[in-house]
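Participant:
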Amino acid sequence: MEDYSEAGAIADAIADAEHIVVVQADNPDTDSLASSLALEHILEELGKKVTLYCGVDLPTYLEYLDGSDRVIKEFPKSFDASIIVDTSSDTLLEQLEKTGAKAWLASKPSIVIDHHSTKPSISFSAIMCCHPAVATTEIIYGLAKQLGWALNKQAKEFLAIGILSDSLGLMSEATTAKSIHTVAELVEGGIKLAEIDSARRATMRREPELIRYKGLLLQRVEFHSNNRIATVTIPWEEIEKFSPLYNPSMLVIDDMRLGKGTDIAICFKVYRDKKVTAKIRSNYGRSISDKIAEHFGGGGHPYASGFKVQTGQSFDEIKAEAINVASSLLDELEEHGA
4 MEDYSEAGAI ADAIADAEHI VVVQADNPDT DSLASSLALE HILEELGKKV
54 TLYCGVDLPT YLEYLDGSDR VIKEFPKSFD ASIIVDTSSD TLLEQLEKTG
104 AKAWLASKPS IVIDHHSTKP SISFSAIMCC HPAVATTEII YGLAKQLGWA
154 LNKQAKEFLA IGILSDSLGL MSEATTAKSI HTVAELVEGG IKLAEIDSAR
204 RATMRREPEL IRYKGLLLQR VEFHSNNRIA TVTIPWEEIE KFSPLYNPSM
254 LVIDDMRLGK GTDIAICFKV YRDKKVTAKI RSNYGRSISD KIAEHFGGGG
304 HPYASGFKVQ TGQSFDEIKA EAINVASSLL DELEEHGA
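Sequential numbering from 4 applies to the sequence shown in the numbering used here.
#1: Check this for me: beta carbons of I142 and H118, under 9 Å apart or not?
#2: Count the other CB atoms, across all protein chains shown, that sit within 10 Å of the CB of K80; report buried if there are 16 or more and exposed otherwise.
#3: Inspect the beta-carbon positions of T185 and L162 and report whether they are closer than 9 Å.
#4: Could you tell me which of S170, I283, D29 sits nearest to K101, measuring between CA atoms?
#5: I need the straight-line Cα distance from S252 to A268, nearest angstrom please.
#6: Taking only runs that begin and end inside the region 231 to 283, name each unbroken beta strand (DSSP E) of 3 or more residues, in chain order.
#7: Is the region 199 to 210 touching the region 322 to 338 in the sense that three or more CB pairs, one from each, lie closer than 8 Å?
#8: Output needed for M259: all residues of its chain with C-beta closer than 6 Å, excluding positions within five of it in sequence on either side, in chain order.
#9: Starting from the C-beta of W239, find all residues in its chain whose C-beta is less than 7 Å away, skip the five residues before and the five after it, and write them out in chain order.
#10: Just to confirm my understanding: we take P247, look at its own chain, exclude 5 residues before and 5 after, and list those with CB closer than 8 Å. What are they?
#11: Nearest CA to the CA of Y144: which residue from I164, M131, I125?
#12: State buried or exposed for A281, treating a residue as buried only when at least 16 other CB atoms are found within 10 Å of its CB.
#13: Are the region 312 to 321 and the region 289 to 296 in contact at 8 Å, needing three or more beta carbon pairs?
#14: Which parts of the region 149 to 237 are runs of the alpha helix (DSSP H), unbroken and 4 residues or longer, counting only runs that do not cross its ends?
#15: Pairs of beta-carbons, one from the region 152 to 161 and one from the region 38 to 54, closer than 8 Å: are there three or more?
#16: DSSP has I130 in a bridge; who is on the other side?
#17: To the nearest angstrom, how far is the alpha carbon of S363 from that of D266?
#18: Span of the beta strand (DSSP E) holding I318?
#19: Give a yes or no on whether the minimum CB-CB distance between C133 and chain B is below 9 Å.
#20: Can you tell me the Cβ-Cβ gap for I114 and S228, rounded? I've got them flagged as a contact below 8 Å.
#21: Can you check whether the CB of S168 is closer than 9 Å to the CB of T121?
#22: Quick one: measure Cβ to Cβ for E9 and K51, integer angstroms, because I've assumed they're closer than 8 Å.
#23: Within this structure, are the beta carbons of V1 and F78 separated by less than 9 Å?
#24: Roughly how many angstroms separate the alpha carbons of P195 and D69, rounded to a whole number?
#25: So what does DSSP say about H304, is it helix, strand or coil?
#26: Which residue wins for smallest C-alpha separation from Y216, given the options G264, E198, K244?
#27: Please report how far the alpha carbon of Q313 lies from the alpha carbon of Y249, in whole angstroms.
#28: Can you tell me where the beta strand (DSSP E) with A138 in it begins and where it stops?
#29: Give the DSSP-derived three-state secondary structure of L55 in the structure shown.
#30: Taking just the CA atoms, how far does A153 sit from L46?
#31: Roughly how many angstroms lie between the CA atoms of Y67 and R203, to the nearest whole one?
Here it is as structure tokens:
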């Protein structure tokens with residue numbers, strides 16, 4: 004198991020704090036919530052008061068994780084330290100900036116634990132535990148072993164859930180032997196994968212209106228660059244209507260990658276204030292999602308990433324630029340025989 008050089012500083016910061024806020028980014032997913040909930044159990048075992056924070060509403064599909072209702076949107080005014088999980092990008096803490104709470108966060112010891120390959124941009128955090136891994140929960144498990152943190156059954160389950168989610172059931176290219184060993188050790192520790200998977204599958208059932216909406220989105224999918232790139236655009240009216248039920252992008256992005264000859268799927272969202280976000284997924288052997296996102300100041304994994312543009316640039320220009328960047332990167336891969 005990897006030794007983390009930041010472990011000592013993390014232990015010291017936690018030891019000196021009585022009240023710790025665990026912060027998710029403005030794009031919460033299973034790994035970020037599972038990381039938060041696992042840390043809640045770990046830190047409470049250490050005698051700490053823990054507050055779970057996220058600046059936006061959690062997607063309803065995450066409600067199956069016991070404790071999701073403890074995540075609050077109002078940042079606490081009194082705390083001693085924070086742990087930011089599953090992101091090291093300053094742009095994904097926009098809600099903290101809007102409310103002025105970011106200054107509070109920056110005024111106290113802050114720890115970042117993240118597994119993304121993007122260069123960290125959270126400047127106020129002195130302790131950056133950012134390492135390549137299939138999930139942030141994998142890093143938290145490694146820290147727990149190194150620091151001797153006690154893991155109760157609930158913490159072990161959350162760690163396994165996060166790893167299995169981000170690794171697509173241990174089948175993604177980012178999955179390593181360490182990922183598999185970690186899950187094996189958690190199973191040896193008493194968790195039952197069948198129970199976890201049963202709870203996960205229950206969340207896959209959708210409201211009937213979402214099924215119909217998915218059909219409409221699929222009809223709007225466009226193909227570019229000899230079908231290598233599939234895109235779909237989701238306007239504000241649909242974001243507002245359907246996001247409380249489920250992330251519209253996630254309804255179709257995997258289906259979009261099933262087209263013959265398709266390598267990349269990009270789902271654009273266009274907001275009322277002209278902000279544009281994009282979620283990107285690559286098929287196996289086309290590990291360029293992170294490079295597309297980084298072109299626009301975003302980041303993520305080689306096979307799953309995203310970006311946000313708030314410069315006022317027109318959506319049509321952003322879309323065309325994204326398609327051109329993706330096409331050029333695919334051309335480079337093909338030139339090198341990938």
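Ideal Cβ positions, reconstructed from N, Cα and C, are used throughout, including at glycine. Just so it is clear, the structure is predicted and the values come from calculations on it, not from any experiment.
Facilitator: Let's see:
#1: Numbered from its first residue, the sequence shown carries residue 142 at position 139. Numbered from its first residue, the sequence shown carries residue 118 at position 115. Yes.
#2: Position 77 of the sequence shown holds residue 80. Exposed, since its Cβ has fewer than 16 Cβ neighbours within 10 Å.
#3: Start at 1 with the first residue of the sequence shown, and residue 185 comes out as number 182. Start at 1 with the first residue of the sequence shown, and residue 162 comes out as number 159. Yes, the Cβ-Cβ distance between T185 and L162 is below 9 Å.
#4: As a working note, residue 101 is residue 98 in the sequence shown. Nearest option by C-alpha distance: D29.
#5: The residue given as residue 252 occupies position 249 in the sequence shown. The residue given as residue 268 occupies position 265 in the sequence shown. Rounded to whole angstroms, S252 to A268 spans 10 Å at the Cα level.
#6: 232 to 237, 267 to 273
#7: no
#8: Stepping through the sequence shown from its first residue, residue 259 is reached at position 256. Excluding residues within five positions, the ones whose Cβ falls inside 6 Å are V224, A233, A268.
#9: Residue mapping note: residue 239 aligns to position 236 of the sequence shown, counting from 1. So the list reads V273, Y274, R275, once near-sequence residues are dropped.
#10: In the sequence shown, the residue the question calls residue 247 occupies position 244. Only D60, T63 meet the Cβ criterion.
#11: Translated into positions along the sequence shown, residue 144 becomes position 141. Minimum Cα distance to Y144 is reached at I164.
#12: The residue labelled residue 281 in the question sits at position 278 within the sequence shown. Classification for A281: buried.
#13: no
#14: List check, alpha helix (DSSP H) in window: 156 to 169, 180 to 191, 196 to 205, 211 to 222.
#15: Touching, per the Cβ criterion.
#16: Numbered from its first residue, the sequence shown carries residue 130 at position 127. Beta-bridge pairing links I130 to I114.
#17: The displayed coordinates of the chain run from 4 to 341. Any statement about residue 363 would go beyond what the structure contains.
#18: Your numbering for residue 318 matches position 315 in the sequence shown. Reading off the sequence shown, one finds Phe at residue 318, where the question assumed Ile. It is not in any beta strand (DSSP E) - F318 instead sits in the alpha helix (DSSP H) that spans 318 to 338.
#19: Any reference to chain B falls outside this structure, which holds one protein chain only.
#20: The sequence position of residue 114 within the sequence shown is 111, counting from 1. The sequence position of residue 228 within the sequence shown is 225, counting from 1. Rounded, the Cβ-Cβ distance is 42 Å, inconsistent with contact.
#21: For the purposes of this step, residue 121 is taken as residue 118 along the sequence shown, with counting starting at 1. For the purposes of this step, residue 168 is taken as residue 165 along the sequence shown, with counting starting at 1. Not a contact, by the Cβ cut-off of 9 Å.
#22: Taking the first residue of the sequence shown as position 1, residue 9 is located at position 6. Taking the first residue of the sequence shown as position 1, residue 51 is located at position 48. Rounded, the Cβ-Cβ distance is 18 Å, inconsistent with contact.
#23: Outside the displayed range of the chain (4 to 341) lies residue 1, so it cannot be described from this structure.
#24: For the purposes of this step, residue 195 is taken as the residue at position 192 of the sequence shown. For the purposes of this step, residue 69 is taken as the residue at position 66 of the sequence shown. One detail in the question is off: residue 195 reads as Lys in this sequence, not Pro. The straight-line gap from Cα to Cα measures roughly 16 Å.
#25: Within the sequence shown, numbered from 1, the residue matching residue 304 stands at position 301. Note: H304 maps to coil in three-state DSSP.
#26: Taking the first residue of the sequence shown as 1, we reach residue 216 at position 213. Comparing alpha-carbon positions, the option among G264, E198, K244 lying closest to Y216 turns out to be K244.
#27: Numbered from 1 along the sequence shown, position 310 holds the residue referred to as residue 313. Numbered from 1 along the sequence shown, position 246 holds the residue referred to as residue 249. Answer to the nearest angstrom: the Cα atoms are 23 Å apart.
#28: What you label residue 138 is simply residue 135 of the sequence shown in a count that begins at 1. It is not in any beta strand (DSSP E) - A138 carries neither H nor E in the DSSP assignment.
#29: Translated into the one-based positions of the sequence shown, residue 55 becomes position 52. In this structure, L55 counts as strand in the three-state DSSP scheme.
#30: Within the sequence shown, residue 46 is the residue found at index 43, counting from 1. Within the sequence shown, residue 153 is the residue found at index 150, counting from 1. Their Cα atoms are separated by approximately 9 Å.
#31: As a position in the sequence shown, residue 67 is number 64, starting the count at 1. As a position in the sequence shown, residue 203 is number 200, starting the count at 1. In this structure, the CA atom of Y67 is about 7 Å from the CA atom of R203.
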